[in-house]
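Quick note: the sequence shown, position 132, residue 1267 per our numbering, numbers continuous. Note that beta-carbon positions come from the ideal geometry of N, C-alpha and C, so glycine has one too. Fair warning: this is a prediction, and the values are worked out from it, not measured in the lab. Below: one structure, written as structure tokens.
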Amino acid sequence: MNPQPMTVLRHLFASAALVFVFSPAIVQAQLPALELRPGDHVCLIGNALGERMQHENQFETLLHAVRPDLDLTIRNLCAPGDEPKIRLRSLDFGSPDEHLTHSGADVVLMFFGYNESFRLREGLDHKKVLRDFTNELDELISHTQSQVYNGESNPRIALISPIAFEQTRDPNLPPADSRNQALSKIARAMNAVAKKRGVAFVDLFTRTQQAFDLSPFQYTLDGGHLNSSGYGLLAPILVGGLLGDFERPNEVNPDLLAAVADKNFHWFNRYRAVNGYSIYGKRGSAGSDGTYNNRSVMNRELEILDQMTANRDARVWAIAGGENISEPIDDSNTLPFIIPKTNVGGPDDPNAKRGKLGSLEYLTTDEQLKTFTLLDGYEIQLVASEQQFPELANPVALDFDSKGRLWVSTMPSYPHWQPKSPMDDKLLILEDTDGDGDADECKTFAGGLHQPTGFEIGRGGVFVGGQHDILFLEDTDGDDVADKRTRAIVGFDTADSHHGLAAFDFGPGGHLYAQEGTFKFTQIESPYGLTRNLEGGVFRYDPRTKKFGVHVNFAFANPWGFGFNEWG
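Here it is in structure tokens:
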């Protein structure tokens, strides 16, 4: 059954009491302990297990709480689908070594094995598959051990196994037995590589399998990926695996959890910045008068985010050390933004030269209605406007629910969120309460979104496309406000926001379809394996079974719609 509502912190320590009675099958004392030193920069690399941690934050919070003396700087460099040799990113994103150097890594935690376990298919030589995987892992560790990311010394490494696959009791999801047979082989192979290379190893597989078997709660979204309660369960297992025995606090200051979450929000939007094709890629060289270009303007935003993240590191350390801090963080020490000059109307503006330049003096809604030319017998009616509802700014997608209400997603943050401003794109519900065809009420079903380029209502909630994820939003108490958010599908590339996830629609077979455009290099994990897609396509997702795949691979430019004919 699903867990009853429980705060993250309560569940974190309720889970800890359950886990630490176990004797690990792989004895940690036989392996080198991971040494953490004051001021260490700890970097996470690998797959979705690690990537989702920065959105849950229990692990980091507990680590700071039990070792406040270390003042650790933690940077999450994981991305769903990452493997030792293949880590897809958009054009010129930078190599893993470059990002580890930027983060000054003293310690590297490697999360691999889940996606690689799907290589152990029936009919293949499992010994060869495992040998190939261990060779990849061995090469990565050997290479990493030879680097000097912090400018002074080689990094210390811990290898983290995948978790077990949970038997969810959902007949639509894969059974756990066959998955766990493969995952156990992967975990043992990783342990052997760790011994060979003399690095620390944390066996999450054995400990989570024991915890899943003993608990009545469901700790995963789909059997293979942890939910929030699952990350609460994982936190003390991972901290204990890295540090050895530690004294668990009776409670953790909720301000510490909030501070860690705030730090990770800023770091995530720095490392996984939207519109990377205009930062690192070919559009980075585009600009106005030659004094700056997209790259310089947007790199400055990344520098500001680095500084804001560092400010939040200091807040985390202070709270972990026992300080009571209530005032807002002071970000006045950051660099100034570079304010772009407009290209509109300049001497090189081709539209101005052709006499096609529009006006920035916007008409009122009444004035706009007068500009339409309609065929005889047709009329046009204004349903809703930003003039009437200011929150209806930059509408980008719409849909109707079973009550006849109009839903609209908005993204005033386009082309992407700017640091120091609120991230508050919205999903709105517009309702005509008196039957005259005009919207009388505007409700915010969900705020705090980022570039919701597409959405679809169904399955008891709303699927909403962000730049990195497809969220599933639910209203559990019927007040037309989403009170439950799940990162249902994660790992979409964000190279260009106007090629982002769009045109959401349920197909004739009940699958959810969505499109993304060119420049994108997407990696999606599911309980059935890893899906990669290069340069755009149409995705297909079954919400019942959680199967995800590519329906069409094509380098679409600005894909904003599709339809089905009578042949499907």
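Extent of the continuous beta strand (DSSP E) to which residue i belongs
{"i": "ILE1564", "result": "1560-1566"}
{"i": "PHE1300", "result": "Premise fails: PHE1300 is in no beta strand (DSSP E) and is neither H nor E."}
{"i": "GLY1600", "result": "1596-1600"}
{"i": "ALA1581", "result": "1576-1584"}
Residues that residue i bridges to, as DSSP identifies them
{"i": "GLN1553", "result": "GLN1553 is not bridged to any residue."}
{"i": "TRP1452", "result": "Answer is none; TRP1452 lacks a bridge partner."}
{"i": "ASN1211", "result": "LEU1179"}
{"i": "THR1611", "result": "DSSP output for THR1611 lists no bridge partner at all."}
{"i": "GLY1593", "result": "GLY1596"}
{"i": "MET1546", "result": "Its beta-bridge partners do not exist; DSSP assigns none."}
{"i": "ILE1295", "result": "PHE1246 and VAL1337"}
{"i": "THR1621", "result": "PHE1607"}
{"i": "ASN1688", "result": "GLY1672"}
Per-residue DSSP class, three states only, for residue i
{"i": "SER1281", "result": "coil"}
{"i": "GLN1650", "result": "strand"}
{"i": "ARG1187", "result": "coil"}
{"i": "GLY1490", "result": "coil"}
{"i": "ILE1460", "result": "coil"}
{"i": "PHE1697", "result": "coil"}
{"i": "ASP1640", "result": "strand"}
{"i": "ALA1704", "result": "Residue 1704 lies beyond the range of the chain shown here (1136 to 1703); nothing can be said about it."}
{"i": "THR1629", "result": "coil"}
{"i": "ASN1434", "result": "helix"}
{"i": "LEU1541", "result": "strand"}
{"i": "LEU1265", "result": "helix"}
{"i": "PHE1472", "result": "coil"}
{"i": "ASP1217", "result": "coil"}
{"i": "LEU1533", "result": "strand"}
{"i": "ASN1289", "result": "coil"}
{"i": "ASN1428", "result": "strand"}
{"i": "GLY1570", "result": "coil"}
{"i": "GLU1271", "result": "helix"}
{"i": "GLU1170", "result": "coil"}
{"i": "ARG1405", "result": "helix"}
{"i": "ASP1204", "result": "coil"}
{"i": "ILE1707", "result": "Outside the shown range of the chain (1136 to 1703) lies residue 1707, about which nothing can therefore be said."}
{"i": "GLU1251", "result": "helix"}
{"i": "ASP1397", "result": "helix"}
{"i": "GLY1419", "result": "helix"}
{"i": "LEU1259", "result": "coil"}
{"i": "LEU1226", "result": "coil"}
{"i": "ALA1311", "result": "helix"}
Residue interval of the alpha helix (DSSP H) (run including residue i)
{"i": "THR1236", "result": "1231-1237"}
{"i": "VAL1201", "result": "1193-1201"}
Subject >> Any beta strand (DSSP E) of 3 or more consecutive residues that is wholly inside the segment 1653-1686 >> reply: 1656-1661, 1664-1669 and 1672-1677
Original post:
Within the chosen definition, does the segment 1404-1412 reach the segment 1370-1389 through at least 3 CB pairs nearer than 8 Å?
Top reply: no
Original post:
Should the segment 1224-1236 be called in touch with the segment 1190-1208, which here means at least 3 C-beta pairs below 8 Å?
Top reply: no
**OP:** With a floor of 3 residues, list each beta strand (DSSP E) that falls wholly inside the segment 1313-1395, ordered by position along the chain.
**Re:** 1335-1337
**OP:** Enumerate, from N- to C-terminal direction, the unbroken alpha helix (DSSP H) stretches of 4 or more residues contained entirely within the segment 1474-1531.
**Re:** 1485-1488 and 1500-1504
**OP:** Could you say if the segment 1512-1532 and the segment 1481-1501 meet the contact criterion of at least three C-beta pairs nearer than 8 Å?
**Re:** yes
Subject >> Segment contact, 8 Å Cβ cut-off, at least three pairs: the segment 1437-1449 with the segment 1661-1675 >> reply: no
Subject >> Given 8 Å, three or more beta-carbon pairs between the segment 1174-1193 and the segment 1628-1645 >> reply: no
Original post:
So does the segment 1217-1228 actually touch the segment 1653-1665, counting three or more Cβ pairs closer than 8 Å?
Top reply: yes
Original post:
Does the segment 1262-1278 come close enough to the segment 1681-1694 to have 3 or more Cβ pairs within less than 8 Å?
Top reply: no
**OP:** Mind the definition here: the segment 1286-1303 touches the segment 1331-1349 only if three or more C-beta pairs lie below 8 Å; say whether that holds.
**Re:** yes
Original post:
Looking at C-beta atoms only, is the number of pairs between the segment 1618-1626 and the segment 1591-1609 that lie closer than 8 Å three or more?
Top reply: yes
Original post:
Is the segment 1287-1295 close to the segment 1242-1252, with three or more CB pairs under 8 Å?
Top reply: yes
Original post:
Should the segment 1397-1406 be called in touch with the segment 1376-1387, which here means at least 3 C-beta pairs below 8 Å?
Top reply: no
Original post:
Is there contact between the segment 1583-1594 and the segment 1549-1560, where contact requires at least three CB pairs shorter than 8 Å?
Top reply: yes
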